[in-house]
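All remarks here apply to the structure that follows.
There are 2 protein chains.
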Amino acid sequence: MIKIVVDAMGGDHAPVEIVKGAVLALQEKKNFSLIFTGDEALVREELRKYKYDASRVEVVHCSEVITNDDVPTQAVRTKRDSSLVVGLKLLKERDDVAGFVSAGSTGAVLAGGIMFVGRIKGVMRPALCPAIPNASGSRTLLCDCGANAECKPSMLAQFAVMASAYARSAYGIKNPRVGLLSNGTEQHKGDLLHQEANALIREAKNVNFIGNVEGRDIMYGDADVVVADGFSGNIALKSIEGCGKTVSDILSKAFRKSFGSRISYLFAKKQLKKLKLMLDYSAMGGTIFLGLQKTVIKSHGSSMAKSITPSVLQAVDAYEGGLIRSLTESFENLVSQEGGDE
Amino acid sequence: MIKIVVDAMGGDHAPVEIVKGAVLALQEKKNFSLIFTGDEALVREELRKYKYDASRVEVVHCSEVITNDDVPTQAVRTKRDSSLVVGLKLLKERDDVAGFVSAGSTGAVLAGGIMFVGRIKGVMRPALCPAIPNASGSRTLLCDCGANAECKPSMLAQFAVMASAYARSAYGIKNPRVGLLSNGTEQHKGDLLHQEANALIREAKNVNFIGNVEGRDIMYGDADVVVADGFSGNIALKSIEGCGKTVSDILSKAFRKSFGSRISYLFAKKQLKKLKLMLDYSAMGGTIFLGLQKTVIKSHGSSMAKSITPSVLQAVDAYEGGLIRSLTESFENLVSQEGGDE
Numbered sequence: 001m002i003k004i005v006v007d008a009m010g011g012d013h014a015p016v017e018i019v020k021g022a023v024l025a026l027q028e029k030k031n032f033s034l035i036f037t038g039d040e041a042l043v044r045e046e047l048r049k050y051k052y053d054a055s056r057v058e059v060v061h062c063s064e065v066i067t068n069d070d071v072p073t074q075a076v077r078t079k080r081d082s083s084l085v086v087g088l089k090l091l092k093e094r095d096d097v098a099g100f101v102s103a104g105s106t107g108a109v110l111a112g113g114i115m116f117v118g119r120i121k122g123v124m125r126p127a128l129c130p131a132i133p134n135a136s137g138s139r140t141l142l143c144d145c146g147a148n149a150e151c152k153p154s155m156l157a158q159f160a161v162m163a164s165a166y167a168r169s170a171y172g173i174k175n176p177r178v179g180l181l182s183n184g185t186e187q188h189k190g191d192l193l194h195q196e197a198n199a200l201i202r203e204a205k206n207v208n209f210i211g212n213v214e215g216r217d218i219m220y221g222d223a224d225v226v227v228a229d230g231f232s233g234n235i236a237l238k239s240i241e242g243c244g245k246t247v248s249d250i251l252s253k254a255f256r257k258s259f260g261s262r263i264s265y266l267f268a269k270k271q272l273k274k275l276k277l278m279l280d281y282s283a284m285g286g287t288i289f290l291g292l293q294k295t296v297i298k299s300h301g302s303s304m305a306k307s308i309t310p311s312v313l314q315a316v317d318a319y320e321g322g323l324i325r326s327l328t329e330s331f332e333n334l335v336s337q338e339g340g341d342e
Numbered sequence: 343m344i345k346i347v348v349d350a351m352g353g354d355h356a357p358v359e360i361v362k363g364a365v366l367a368l369q370e371k372k373n374f375s376l377i378f379t380g381d382e383a384l385v386r387e388e389l390r391k392y393k394y395d396a397s398r399v400e401v402v403h404c405s406e407v408i409t410n411d412d413v414p415t416q417a418v419r420t421k422r423d424s425s426l427v428v429g430l431k432l433l434k435e436r437d438d439v440a441g442f443v444s445a446g447s448t449g450a451v452l453a454g455g456i457m458f459v460g461r462i463k464g465v466m467r468p469a470l471c472p473a474i475p476n477a478s479g480s481r482t483l484l485c486d487c488g489a490n491a492e493c494k495p496s497m498l499a500q501f502a503v504m505a506s507a508y509a510r511s512a513y514g515i516k517n518p519r520v521g522l523l524s525n526g527t528e529q530h531k532g533d534l535l536h537q538e539a540n541a542l543i544r545e546a547k548n549v550n551f552i553g554n555v556e557g558r559d560i561m562y563g564d565a566d567v568v569v570a571d572g573f574s575g576n577i578a579l580k581s582i583e584g585c586g587k588t589v590s591d592i593l594s595k596a597f598r599k600s601f602g603s604r605i606s607y608l609f610a611k612k613q614l615k616k617l618k619l620m621l622d623y624s625a626m627g628g629t630i631f632l633g634l635q636k637t638v639i640k641s642h643g644s645s646m647a648k649s650i651t652p653s654v655l656q657a658v659d660a661y662e663g664g665l666i667r668s669l670t671e672s673f674e675n676l677v678s679q680e681g682g683d684e
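This is how it looks when you write it as structure tokens:
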């Protein structure tokens, strides 16, 4: 049985919500087990609250925690007995461990992932790739959304390859449509980085490039994959989050105001629930860190149990879909193509 | 009485909706009159549909139209008798003309604005500055959102100065809070451009800088002004538009489905209307092109009358608030400061 490591100490609501969410995931799927890394006494205390198959849960004690106040690159070097570093090492070293989930410091997950798990051969820079619910009822993969604030055109072309492989293996999309996030749909739009990236992605093999797309297309769902430099991808993601949160708050207020509007809520309930779920990024699960040799999922820092459960299942799904194999093959082809061109 | 020039031929619904929207604006405020530029026969035909004070409407005939298929910089040079070029020249040449409104090609409005109206002394690059409704019930000014895809740090510092002057004169905000759009709130976040811009804005006089802000803060409303390079500002704006439109569509569907939900709509109507209005960027009015010697307002290409009316009033308000004087003074101070430093 494969195992998923969960960093029990990372996140604003650790370990309470982390343990709860992960244990709930055990009920959803029966084909995996959990390894928690963290303060064993605290984790065991939380575990006692739930009923679960004890043979599917292991706890590895760690004496340290990496917080958001730590400098990420320094923390992953010095806090060797932290729940994050120990977890990433388990992922790297043990063949039966298929994935790692943390709601801890993003910077530390990124730095630690590269340092301890390592990149797939040929990958220049791993990238964060969240799946954003869209108007057509599916998800838009946005890659990168913050791991790399400074990008080169060739990095953007690699993001297109990585996210396409992810769309195929984790979402079953046979020929994912890939757009490049820019300030207009015309090919000449954007700064030099994006103009050059457009040309490179256009030539990339196994990428179904549909050209430049705009910020609004992320939620319209006309592309399966939207490629972005980490700076503007992050701005797009958070702009959508801000709009979604604002709308959710106004809706909640609208239906709390009067008895009449509470009644009215009952009538429109199904659609409104769908909408709130769509806008609630905390329930979207985690963001995959694509390009590493094994699956690393970063859950939102403010994750409650309901975000941890889908994050854990996401790691299981990635294993079942053969994500890492698919990514590795994509880059083997890329490397051999490039080799052939020389 | 001051005059506002309206490009009657620009936009997807010109001249029908443009003329209608502008004439409706005449009823809202009594202290200005209109000059339409465009095909006189067509404009007069539309005008015949409405009741208005004929002494407040003038039509200047033009034989050409600039479309979205034209190359902007070339079109403003060659189509000298287009409604857009003739309108911008009237704005420049006549002292009684205070503003210009067009729903035509954005590129042509930008190129024509710089060429025929000219920049305020000291302004490196004019910028598009839309006012986005936010959660606190006011507006967030986002500057630049697309006029300048490639920016230098000093340009971003100027956007902070320009948008602050606009917030003071048009929105009555005494000490507008200015944030820099980046991929994190910490000062070191962002690429080199944004790190340098952060340092420059921090030192700018008459700018109340609150540091880096994230995409989500645009709609939260914790800053009055959000400064952005035109590339990522455009992505933020359109990401918000896409989220808003998607939510609006789902809401409409939710309340159309059944008799019960139509009844329910009545109860929550007020809040929902407020929400739809907030998300409907077509009703937001136009986007000001800041940094020119006179007020130029770009209305959305798909503008209907309900978008043109607020755009015309926005031009009147800018005049009444003394926007151009305030901008000119800001840059006089800036230039003399810089002179003093040398």
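As they're listed, the protein sequences go chains A and B.
Per my numbering, the very first residue in the first sequence carries number 1; after that it's consecutive.
Per my numbering, the very first residue in the second sequence carries number 343; after that it's consecutive.
Glycine included, C-beta positions come from ideal geometry on N, C-alpha and C.
The model shown is predicted, which means the values in this text are computed figures rather than measured ones.
| task | Taking C-beta pairs closer than 9 Å, name the residues in chain B that A/D249 reaches, listed in chain order. | result | Within 9 Å Cβ-Cβ: A477.
| said: Using a Cβ distance threshold of 8 Å, determine whether the segment 510-527 of chain B contacts the segment 659-672 of chain B, with at least three qualifying pairs required. | reply: They touch, by the three-pair rule.
| query | What are the boundary residues of the beta strand (DSSP E) that includes A/T287? | reply | Here the beta strand (DSSP E) through A/T287 covers T287 to L290.
| request: Using a Cβ-Cβ cut-off of 8 Å, state whether B/C471 counts as contacting chain A. | output: Output row for B/C471: interface = no.
| said: Give the list of continuous beta strand (DSSP E) stretches no shorter than 3 residues that lie fully inside the segment 486-522 of chain B. | reply: The qualifying runs do not exist here; there are none.
| Residue range of the alpha helix (DSSP H) that includes A/A356 | Since the first and last residues shown for chain A are 1 and 342, residue 356 of chain A lies out of range.
| request: Report yes if the C-beta distance between A/F289 and A/K121 is below 8 Å; otherwise report no. | output: No, they are not a contact pair.
| field | Rounded Cβ spacing between B/V427 and B/F458 (contact assumed at less than 8 Å) | value | Confirmed, about 7 Å.
| At a Cβ cut of 9 Å, what residues of the segment 563-582 of chain B count as close to chain A, listed as they run along the chain? | The segment 563-582 of chain B vs chain A, Cβ under 9 Å: G563, A570, D571, G572, F573, S574, G575, N576, I577, A578, L579, K580, S581 and I582.
| said: Can you confirm whether A/R216, when its beta carbon is compared against all beta carbons of chain B, has any partner nearer than 8 Å? | reply: Yes, contact with chain B.
| request: Using the Cα positions of B/V520 and A/I218, report the straight-line distance between them to the nearest angstrom. | output: Straight-line Cα distance between these residues: approximately 27 Å.
| request: Quick one: measure Cβ to Cβ for B/D591 and A/A135, integer angstroms, because I've assumed they're closer than 8 Å. | output: Taking 8 Å as the upper bound for CB-CB distance, B/D591 and A/A135 are in contact here, some 7 Å apart.
| What residues match up with B/F374 in a beta bridge as DSSP calls it? | B/F374 is bridged to B/I344.
| query | Should A/A8 be flagged as near chain B, meaning a C-beta pair shorter than 8 Å? | reply | Not an interface residue.
| message | In whole angstroms, give me the CA-to-CA distance for B/A578 and A/L141. | response | Just so you know, the alpha carbons of B/A578 and A/L141 end up roughly 17 Å apart.
| said: Whole angstroms are fine: how far does the CA of A/S182 sit from the CA of B/K580? | reply: Approximately 10 Å, taken between the alpha carbons.
| Test: B/M466 CB closer than 8 Å to a CB of chain A | Not a single C-beta of chain A is nearer than 8 Å to the C-beta of B/M466.
| Closest by CA to B/V503, which one among B/V549, B/V658 and B/L522? | When the alpha-carbon of B/V503 is set against those of B/V549, B/V658 and B/L522, the nearest one is in B/V549.
| According to the neighbour-count rule (16 or more other Cβ atoms, all chains shown, within 10 Å of its Cβ), is A/L344 buried or exposed? | Missing from the structure shown is residue 344 of chain A; chain A here goes from 1 to 342 and no further.
| said: If I follow the unbroken alpha helix (DSSP H) through B/H403, where does it start and stop? | reply: That residue, B/H403, is in no alpha helix (DSSP H); its beta strand (DSSP E) goes V399 to H403.
| task | For the beta strand (DSSP E) containing B/R640, list its first residue and its last residue. | result | Looking at the sequence shown, residue 640 of chain B is not Arg but Lys. In the DSSP annotation of this structure, the continuous segment of the beta strand (DSSP E) that includes B/K640 starts and ends at T637 to K640.
| Contact check, B/A596 vs B/G441, beta carbons under 8 Å | In this structure, B/A596 sits away from B/G441, with a CB-CB distance that is not shorter than 8 Å.
| request: Grab me the residues of B/T629's own chain with a C-beta within less than 6 Å of its C-beta, minus the 5 sequence neighbours each way, in chain order. | output: Excluding residues within five positions, the ones whose Cβ falls inside 6 Å are L470, P472 and K640.
| For the beta strand (DSSP E) that contains B/V439, what are its first and last residues? | For B/V439, the enclosing beta strand (DSSP E) covers residues V439 to S444.
| task | Out of B/S645, B/G532 and B/C485, point me to the one whose CA is closest to B/A356's CA. | result | Nearest C-alpha to B/A356: B/S645.
| request: Please name the residue, chosen from B/E370, B/R481 and B/G572, that lies closest to B/P495 on a Cα-to-Cα basis. | output: Among B/E370, B/R481 and B/G572, the Cα nearest to that of B/P495 belongs to B/G572.
| request: Tell me whether A/R48 is buried or exposed, calling it buried when 16 or more other Cβ atoms sit within 10 Å of its Cβ. | output: It is exposed - the Cβ of A/R48 has fewer than 16 other Cβ atoms within 10 Å.
| Residue range of the alpha helix (DSSP H) that includes B/V413 | It is not in any alpha helix (DSSP H) - B/V413 carries neither H nor E in the DSSP assignment.
| request: Compare the C-beta of A/T73 with all C-beta atoms of chain B and state if any pair is closer than 8 Å. | output: No - not a single Cβ of chain B is within 8 Å of the one on A/T73.
| Taking all protein chains shown into account, do 16 or more other C-beta atoms lie within 10 angstroms of the C-beta of B/E684, making it buried, or fewer, making it exposed? | The predicted position of B/E684 is uncertain, since its pLDDT is 33 and thus under 50; a value taken from the coordinates is nonetheless stated next. Burial is judged here by how many other beta carbons sit within 10 angstroms of a residue's own beta carbon; B/E684 has fewer than 16 and is exposed.
| query | If you draw a straight line from the C-alpha of A/G285 to the C-alpha of A/R325, how long is it? | reply | When only Cα atoms are considered, A/G285 and A/R325 end up about 23 Å apart.
| Straight-line Cα distance separating A/K205 from B/G553 | Approximately 42 Å, taken between the alpha carbons.
| said: Checking 8 Å against the spacing of the C-beta atoms, do B/G526 and B/S425 come in under that value? | reply: Between B/G526 and B/S425, the C-beta gap is not smaller than 8 Å, which leaves the two residues out of contact.
| Enclosing alpha helix (DSSP H) for A/V86 [first to last residue] | Looking at the DSSP string, the run of the alpha helix (DSSP H) that includes A/V86 is S83 to E93.
| task | Kindly list the residues whose CB is nearer than 7 Å to the CB of B/G681, restricted to its own chain and excluding five residues on each side of it in sequence; keep chain order. | result | Confidence at B/G681 is low in this model, with a pLDDT of 48, below 50, so the placement of that residue should be treated as unreliable; the coordinate-derived value is given next. Hits under 7 Å: none found.
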